[in-house]
Every structure is written in C-alpha cells, then in structure tokens.
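Take a look at the structure:
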C-alpha cells in the first residue's frame with residue numbers, strides 16, 4: 008500500500024512547478040497551462056484523500072473542478088485571442104497599458 | 170509483501186514531475202502542449218490506481234480531449250516565429266524559484282502533518298461492486314444536485330463569454 012503522504016508530496020511538487028511556470032514564463036499561453044497544472048495538482052491530492060478516507064465527496068469536488076477548468080480555459084483563451092488581436096503579442100511583459 | 174504498488178507509484182510520480190517540468194520549460198508552445206498531453210494521461214493512470222475510474226475517464230476526455238485541443242488551436246492561430254527567437258523567462262526568475270520553493274516547503278510541511286479523520290462508507294469493495302460511475306452519480310444527483318445545476322450555469326456563461334470575447338467588433342459604433 009502506498010502511503011497517503013507520497014501522493015500529497017507529489018501534489019505539492021506539481022503545484023509548485025505550476026506556480027514557478029506561472030510566475031516566470033513570458034508567453035501567456037504557457038502561463039495558462041501552468042494554471043491547469045496547478046488545478047491538476049489539487050485534483051491529485053483530492054482523489055488521494057478521497058481514496059484514503061473512503062469517501063466520494065473528493066471525487067465530486069474533482070468533477071466540479073474539471074468543469075470550472077473547462078470554462079476557465081475557454082474564457083481565458085478567448086481573452087488571449089482578443090489580446091493578440093489588439094496588441095499583436097502574447098508576451099506579458101510587453102503588455103503594460105495599466106502601468107501597474 | 171510485493172513492491173509492485175510502490176514501483177508503479179514511483180514511475181508515475183517521476184514521470185509526472187519530469188513532464189510538468191518539460192511543460193513549463195519548452196520554448197515551442199506546441200511541444201509544451203504535447204508534453205502536457207502525455208502528462209494528463211499519466212495523471213489519469215494515477216486516478217485509476219486510486220480506484221477513480223470515472224475521474225480518469227473525464228480526465229482523458231475533458232482535459233486531454235477538449236481543453237488541450239483548444240490550447241493547440243490557439244497556439245497554432247498565433248504566430249510562433251517570434252516566439253522561437255525571444256527569451257522564454259522573465260528577467261526576475263530567480264525570485265520565482267524562491268517563491269515556488271517556499272510554497273513547496275510550506276505545502277509539504279503542512280501535508281506531512283495531516284492526520285485523517287474517521288473513514289466514510291465508500292470502501293474499495295463497495296465501489297468495485299456497484300462500479301465507480303454509478304456510486305458517483307448517486308451522490309452527484311442527490312446530495313450535490315444544486316451545485317451540479319450551478320456547474321451547468323458556469324458552462325453556459327463560459328460559452329456565451331467565449332463567443333462575446335472572440336467575435337469581431339460590431340460595426341454599429
């Protein structure tokens with residue numbers, strides 16, 4: 008039997024890799040893919056908890072997370088297309104209209 | 170006692186970490202999408218290993234089948250020429266190493282100190298007897314019926330929003 012902690016460490020590692028990708032990449036599409044990576048890391052830990060607690064509520068939560076991820080991907084990619092139409096770039100460090 | 174589960178987990182954990190590193194470091198976004206496809210299949214196998222067949226199926230169908238194809242379309246719509254010649258990381262990436270390393274240490278420390286509460290009724294035997302899809306459906310359509318309806322609303326808003334955002338400007342103004 009694989010201990011629960013192994014899954015949790017794996018999930019934490021994938022989540023941190025996602026955070027790193029989100030913070031460092033210039034390409035906004037790869038930033039979105041890092042977001043998906045973070046959502047998947049959370050899903051892994053939810054399914055693992057569900058299995059070890061013998062409770063299916065984690066699986067229901069994963070189901071909803073996948074639904075929201077699909078919605079988020081479609082909206083996000085539409086925003087990327089609109090941005091590219093206006094700015095002709097996908098690099099986030101070249102988008103500085105708001106002077107943030 | 171057999172070491173097979175540990176070996177299985179070891180391979181998949183190693184592959185998942187290496188593949189996620191490949192996803193965030195490739196210069197060509199098409200390569201990133203392809204590595205991510207492989208990554209999602211490995212994660213689906215991990216779900217199978219945890220007795221979640223339905224979740225593994227929707228992982229492959231929704232993530233690998235729908236979301237990644239959407240990513241691939243957008244990557245191919247935008248131009249790659251410029252992408253291959255410019256820097257892939259922002260200048261301040263060492264700070265991000267610190268931040269993500271700190272997040273990993275914090276998460277790992279809190280997750281190692283977790284202690285499980287009382288166990289529920291859904292044993293592996295029950296799920297294997299009734300099948301995972303049926304058990305999940307029984308919970309989803311009774312206890313979680315209202316959130317399920319909200320999820321359909323979220324998807325509707327996503328469809329409308331994507332069309333509104335990506336369509337051409339109206340000429341009326």
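Protein chains in written order, with our numbering: chain A, 8 to 107; chain B, 170 to 342. Note that the Cβ used here is the ideal one computed from N, Cα and C, for glycine as well.
query: Could you check what DSSP says for residue 291 of chain B in three-state terms: helix, strand or coil?; result: coil
query: Considering Cα atoms alone, identify which of B:315, B:312, B:304 is closest to residue 223 of chain B.; result: B:304
query: In the structure shown, what three-state DSSP assignment does residue 64 of chain A receive?; result: helix
query: Considering just the uninterrupted stretch of the alpha helix (DSSP H) at residue 275 of chain B, what are its terminal residues?; result: 262-281
query: Going by the beta-carbon positions, is the gap between residue 17 of chain A and residue 182 of chain B smaller than 7 Å?; result: yes
query: Buried or exposed, going by whether 16 or more other CB atoms sit within 10 Å of the CB of residue 297 of chain B?; result: exposed
query: Which bits of chain A does residue 256 of chain B rub up against, with CB to CB less than 7 Å?; result: 33
query: How would you call residue 225 of chain B, buried or exposed, if buried means at least 16 neighbouring beta carbons within 10 angstroms?; result: buried
query: When you check each C-beta in the segment 70-89 of chain A against every C-beta of chain B, which residues fall closer than 8 Å?; result: 70, 71, 73, 74, 75, 76, 77, 78, 79, 80, 81, 82, 84, 85, 86, 87, 88, 89
query: Excluding the five sequence neighbours on either side, which residues of its own chain have a C-beta within less than 8 Å of the C-beta of residue 273 of chain B, listed in chain order?; result: none
query: Using a C-beta cutoff of 7 Å, does residue 313 of chain B count as contacting chain A?; result: yes
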